[in-house]
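*Asks:* Position 71 of the sequence shown, counting from 1, maps to 71 under the UniProt record's numbering, and the rest follow consecutively.
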Amino acid sequence: MKKVILKVEWSEDKLKQKAMKTVSGIIGVESISMDTKDKKLTITGDIDAVTVVAKLRKLCYTEILSVGPAKEPEKKEEPEKKVQDEKVDINQLMYAYQANPAYYGYKIVEQDPNQCVIC
Numbered sequence: 001m002k003k004v005i006l007k008v009e010w011s012e013d014k015l016k017q018k019a020m021k022t023v024s025g026i027i028g029v030e031s032i033s034m035d036t037k038d039k040k041l042t043i044t045g046d047i048d049a050v051t052v053v054a055k056l057r058k059l060c061y062t063e064i065l066s067v068g069p070a071k072e073p074e075k076k077e078e079p080e081k082k083v084q085d086e087k088v089d090i091n092q093l094m095y096a097y098q099a100n101p102a103y104y105g106y107k108i109v110e111q112d113p114n115q116c117v118i119c
């Protein structure tokens with residue numbers, strides 16, 4: 001996991017949208033954050049910073065400010081919970097499936113009002 005911070009010079013909102021679309025299409029990107037005030041783009045994931053900059057330079061001027069490992073959130077250790085065995089009522093498991101008897105459909109040809117007349 002890498003964290004890449006880029007300085008991107010954009011002048012229009014349309015360029016911001018294109019930059020976000022371009023960066024989000026790169027394989028390995030997990031999160032993107034954009035600071036429009038400082039014109040910074042922060043990308044985290046398994047990515048190559050040079051590849052990202054090469055794609056963004058087709059749209060606007062781009063600089064690499066920093067590349068480093070992404071900080072993972074600290075994991076709090078949870079105390080182990082004692083697992084209690086739940087008793088299963090055996091009587092509920094012994095029900096058998098009751099199959100319905102098969103009914104055969106039949107059709108009386110003489111009483112059919114939609115019967116063919118040409119016969």
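Ideal placement from N, C-alpha and C gives every residue a C-beta, glycine not left out.
Note that the coordinates shown come from a computational prediction; the quantities given were computed from them, not determined experimentally.
Would you mind sorting residue 52 into buried or exposed? The rule is 16 or more other CB atoms within 10 Å of its CB.
*Replies:* buried
*Asks:* Would you kindly work out how many angstroms separate the C-alpha atoms of residue 4 and residue 78, rounded to a whole number?
*Replies:* 32 Å
*Asks:* Give the single residue among 27, 76 and 15 whose Cα lies nearest to the Cα of residue 57.
*Replies:* With distances taken between Cα atoms, residue 57 lies closest to 15.
*Asks:* To the nearest angstrom, how far is the alpha carbon of residue 35 from that of residue 76?
*Replies:* Whole-angstrom Cα-Cα distance: 30 Å.
*Asks:* Since I believe residue 47 is in contact with residue 6 (beta carbons under 8 Å), could you give me their beta-carbon distance rounded to a whole number of angstroms?
*Replies:* Not a contact, Cβ separation roughly 11 Å.
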